[in-house]
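Trainee:
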Amino acid sequence: MTHAPRNSTMPAFDASNDANLDALIATAQGIAERALEFAREAEAYARQRQALPTFLTVYDSSGFVAHASPPSTPIRATSAAKRKRTASEASSDRHALRTTLLTSHSALYFAQEQADAACTARHALHVAQLYSDEGVPDLAYEHALVALDQRGDLSQREHLDALLLTAHACRALREYSEALTHLHAAERLAEATYDHARRDAAALLRARVRADLGRAEETHEEVLALLDKATFPATPGKAYLLLGETTFAHDVNACEQYFARALHLARDAGDENTERAAILGLARAALHLGRPAEALPLATHAFRLAECAAPEEVRDVHLVLSRVHETLGDAGAALTHFKAYHHLDEQVRAASEERIAIARDAYRAAVRNRPVLPARPAPRAEPLGASVVQRSEFERKFAHEFARAEHLDYPLTLVIVDLADLPPTEAQRAAMLRDVTEILADHAHGLDTVAHLDDARFALLLPGADGEHARLLAERVHAEIRARHATPLRVGLCDDLTLEDPEAMLEAATAELAAV
13 MTHAPRNSTM
23 PAFDASNDAN
33 LDALIATAQG
43 IAERALEFAR
53 EAEAYARQRQ
63 ALPTFLTVYD
73 SSGFVAHASP
83 PSTPIRATSA
93 AKRKRTASEA
103 SSDRHALRTT
113 LLTSHSALYF
123 AQEQADAACT
133 ARHALHVAQL
143 YSDEGVPDLA
153 YEHALVALDQ
163 RGDLSQREHL
173 DALLLTAHAC
183 RALREYSEAL
193 THLHAAERLA
203 EATYDHARRD
213 AAALLRARVR
223 ADLGRAEETH
233 EEVLALLDKA
243 TFPATPGKAY
253 LLLGETTFAH
263 DVNACEQYFA
273 RALHLARDAG
283 DENTERAAIL
293 GLARAALHLG
303 RPAEALPLAT
313 HAFRLAECAA
323 PEEVRDVHLV
333 LSRVHETLGD
343 AGAALTHFKA
353 YHHLDEQVRA
363 ASEERIAIAR
373 DAYRAAVRNR
383 PVLPARPAPR
393 AEPLGASVVQ
403 RSEFERKFAH
413 EFARAEHLDY
423 PLTLVIVDLA
433 DLPPTEAQRA
443 AMLRDVTEIL
453 ADHAHGLDTV
463 AHLDDARFAL
473 LLPGADGEHA
483 RLLAERVHAE
493 IRARHATPLR
503 VGLCDDLTLE
513 DPEAMLEAAT
523 AELAAV
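With positions in the sequence shown counted from 1, the corresponding number in our numbering is that position plus 12.
#1: Give me the Cα-Cα distance between R367 and A432, rounded to the nearest whole angstrom.
#2: Identify which residue in D263, T437, R408 has its Cα closest to the Cα of D513.
#3: Taking the alpha-carbon of R303 as reference, which of C320, A281, L277, V264 has the nearest alpha-carbon?
#4: Skipping 5 residues on each side, what residues in its chain have a beta carbon closer than 8 Å to that of A209?
#5: So E268 packs on A297, CB below 8 Å; how close in whole Å?
#6: Which same chain residues, not among the five before or five after L511, have their C-beta less than 7 Å away from its C-beta?
#7: Evaluate E250 with the Cβ neighbour count: other Cβ atoms within 10 Å of its Cβ, from every protein chain shown; 16 or more gives buried, anything less gives exposed.
#8: Any idea what DSSP makes of P435, helix, strand or coil?
#9: Helix, strand or coil, according to DSSP, for C506 in the structure here?
#10: List in chain order: all unbroken alpha helix (DSSP H) runs of 4+ residues lying wholly within the region 282 to 358.
#11: On a CA-only basis, which of E358, T286, L501 is nearest L255? Give me that one, please.
#12: Is the separation between the beta-carbon of I428 and that of G504 shorter than 8 Å?
#13: Buried or exposed, going by whether 16 or more other CB atoms sit within 10 Å of the CB of C320?
#14: DSSP three-state label for L511, please.
#15: Label P475 either buried or exposed according to how many other C-beta atoms from any shown protein chain fall within 10 Å of its C-beta, with 16 as the threshold for buried.
#16: Taking the alpha-carbon positions, what's the G458 to P436 distance?
#17: In this structure, does DSSP put F260 in helix, strand or coil?
#18: Could you check whether F271 and L294 sit closer than 8 Å to each other, using their CB atoms as the reference points?
#19: Residues in the same chain with beta-carbon distance under 6 Å from L525, minus the five sequence neighbours each way, listed in chain order, please.
#20: Is the beta carbon of I451 sitting closer than 8 Å to the one on E487?
#21: Using the C-alpha atoms, what's the distance from R403 back to H419?
#22: Looking only at C-alpha atoms, which of A523, D283, V336 sits nearest to A305?
#23: Considering only residues of the same chain and omitting the five flanking positions on each side of R469, which have a CB-CB separation below 6 Å?
#24: Assign A463 to one of three DSSP states: helix, strand, or coil.
#25: By alpha-carbon positions, which one of A311, L473, D466 ends up nearest to A456?
#26: Tell me the residue span of the beta strand (DSSP E) that contains A471.
#27: Starting from G554, trace the alpha helix (DSSP H) in both directions and tell me its first and last residue.
#28: Just the C-alpha distance for V332 and I291, rounded to the nearest angstrom, thanks.
#29: Just checking: is the beta-carbon of Q440 within a distance shorter than 8 Å of some beta-carbon in chain B?
#30: Given that a residue counts as buried once 16 or more other Cβ atoms are within 10 Å of its Cβ, and exposed if not, what is H464?
#31: Please determine, among L347, T312, F414, the residue with the shortest C-alpha to C-alpha distance to C506.
#32: Between Y252 and the rest of its own chain, which residues show a CB-CB distance below 6 Å, the 5 nearest in sequence each way excluded?
#33: Just checking my contact of L426 with A471 at CB under 8 Å: how many whole Å lie between their CB atoms?
#34: Residues in the same chain with beta-carbon distance under 6 Å from F315, minus the five sequence neighbours each way, listed in chain order, please.
#35: Quick check on DSSP: helix, strand or coil for R447?
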């Protein structure tokens with residue numbers, strides 16, 4: 013067994029070539045395995061010859077090994093049973109074994125060092141695939157950056173930096189999706205009430221009462237029965253606060269009692285938010301019942317409590333104070349509070365729109381820069397396995413993705429693959445269809461959908477992919493299928509979202525297929 017010395021040549025590092033990375037890792041692992049095998053053989057031979065037992069401790073001494081110098085020529089260890097040695101050769105053997113063992117450790121250290129360089133590039137590639145993975149912690153980004161700084165001598169640092177930027181953009185995509193979910197929830201809440209704040213609307217939805225406050229008919233007991241006890245485990249005053257809101261439009265006297273009860277319970281529980289909302293509710297009720305003089309101190313007290321509250325809550329207090337002063341004939345104070353209300357309302361709206369705009373821009377940037385990643389290995393599927401959907405399921409998903417792409421203004425591309433000439437036998441056809449299924453599934457990531465439309469035709473739906481990206485992907489799929497089977501095939505695609513419906517996109521892709 014001949015050992016490769018420390019200065020053995022390694023494959024040139026090129027992070028942009030995935031095949032070179034695999035070759036580099038394989039070579040480094042091979043050297044490490046040979047070094048360990050050689051060290052074990054040397055150790056066994058030393059024990060058989062009863063050589064110096066103490067030098068074997070070097071086997072676990074990484075610091076000593078790191079500074080070891082390899083011999084100019086490799087030394088081959090042979091079994092003690094192969095030939096007899098004279099006593100005068102024992103000392104030479106011990107020296108050779110010590111040198112051989114140090115050489116093995118040097119090769120192992122060098123192999124690990126080179127493998128680390130390749131693994132750094134591999135790790136950055138994995139980070140770039142985060143857009144198709146879920147639940148990846150932020151530690152992945154930090155680890156990649158640290159590894160990149162430690163390997164500052166890499167020739168492809170710009171490539172790794174670009175991959176990390178892509179990963180951050182894909183993370184922004186997920187944040188945009190979350191912001192969009194909150195936006196849709198806020199829109200539903202805004203439609204649920206007349207002009208109430210979103211906080212009140214959310215409480216109404218949690219209580220599962222009617223959204224139209226003017227037609228609320230639930231009694232005290234019915235609303236309490238609808239309340240989810242787990243929602244308010246420590247603040248029972250919120251239940252009466254909800255009752256006051258639901259009865260405000262048709263029974264102000266009852267709602268005033270509920271607000272008073274909510275205030276009492278909130279003070280006992282030390283819930284300042286519910287206390288402030290209950291006081292403001294009492295002020296609104298007093299104003300509605302024609303008692304503005306009584307409503308003024310209540311609204312003023314709520315304003316003092318709202319000094320550290322969220323802007324939307326302070327906005328609501330200003331609106332009530334504006335109406336109270338207007339009723340009392342104090343136009344100056346009413347105008348001051350109304351201006352404050354208007355300013356806060358614009359501020360809240362602008363902040364919300366800014367967050368949505370930032371998230372939407374990040375999402376579009378991530379979509380534009382979405383790389384064509386190398387196919388990930390996948391287990392071989394059963395005949396047209398679970399990763400491939402049939403036509404009915406494909407049509408349902410296509411309609412859903414088409415509507416979502418139109419609503420969110422992001423690209424959507426449909427790729428059609430048609431096998432022009434299937435093999436004559438059933439077994440050959442089944443094998444070919446399985447291969448095509450496997451290739452398409454390998455290139456599908458995240459929300460992509462692979463469908464079997466008919467005997468010889470497949471579809472690949474790519475949400476978020478523009479025509480350029482889809483064409484590169486189609487060329488790669490075409491090349492891989494032709495590499496396995498010599499049968500002629502055609503590929504057509506469509507990314508025109510200005511068409512009327514998904515069926516029109518399918519017809520356009522089929523028309524391009526016929527023109528190939």
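Using N, Cα and C, we set each Cβ at its ideal position, and we do this for glycine too.
Mentor: If we stick to the structure as given:
#1: When rounded, the distance between both Cα atoms is 50 Å.
#2: The candidate whose alpha carbon is nearest that of D513 is R408.
#3: Distance from the Cα of R303 is smallest, within the candidate group C320, A281, L277, V264, for V264.
#4: The predicted model places A209 with a pLDDT of 43, which falls under 50 and marks its position as unreliable; any figure quoted below should be read in that light. Taken in chain order, the residues that qualify are E324, E325, R327, D328.
#5: 4 Å between Cβ atoms; contact.
#6: Hits under 7 Å: M517, A520.
#7: One detail in the question is off: residue 250 reads as Lys in this sequence, not Glu. Under this definition K250 is a buried residue.
#8: Here P435 sits in coil by DSSP.
#9: Of the three classes helix, strand and coil, the one that applies to C506 here is strand, per DSSP.
#10: Within the region 282 to 358, the complete alpha helix (DSSP H) segments of 4 residues or longer fall at 284 to 300, 304 to 317, 323 to 340, listed in chain order.
#11: Measuring from the Cα of L255, the nearest candidate turns out to be T286.
#12: Between I428 and G504, the C-beta spacing is below 8 Å.
#13: C320 should be labelled exposed.
#14: Here DSSP, grouped into helix, strand and coil, assigns L511 to coil.
#15: So P475 ends up on the buried side.
#16: Near 35 Å, if we compare the C-alpha coordinates of P436 and G458.
#17: Three-state DSSP puts F260 in coil, outside helix and strand.
#18: In contact: L294 and F271 (Cβ atoms closer than 8 Å).
#19: Cβ neighbours of L525 beyond the five flanking positions: I428, D430, R502, G504.
#20: Going by C-beta atoms, I451 is not nearer than 8 Å to E487.
#21: Taking the Cα positions, H419 is about 24 Å away from R403.
#22: Closest by alpha carbon: V336.
#23: Around R469: D430.
#24: Three-state result, A463: strand.
#25: It is L473.
#26: For A471, the enclosing beta strand (DSSP E) stretches over residues 469 to 475.
#27: In the structure as shown, the chain starts at 13 and stops at 528, and residue 554 therefore has no counterpart that could be examined.
#28: About 11 Å.
#29: In summary, chain B is missing from the structure at hand, where a single protein chain is found.
#30: Its Cβ being crowded by 16 or more others within 10 Å, H464 is buried.
#31: The alpha carbon of C506 has as its nearest neighbour, out of L347, T312, F414, the alpha carbon of F414.
#32: Apart from sequence neighbours up to five positions away, the residues of its chain that approach Y252 with a beta-carbon distance below 6 Å are Y270, R273, A274, ordered along the chain.
#33: Contact flag correct, Cβ pair sits at about 6 Å.
#34: A distance below 6 Å between beta-carbons, with the five flanking residues on each side excluded, links F315 to the following residues of its chain, in chain order: V329.
#35: Checking the sequence shown, residue 447 turns out to be Asp, not Arg. Looking at D447 - three-state DSSP - the assignment turns out to be helix.
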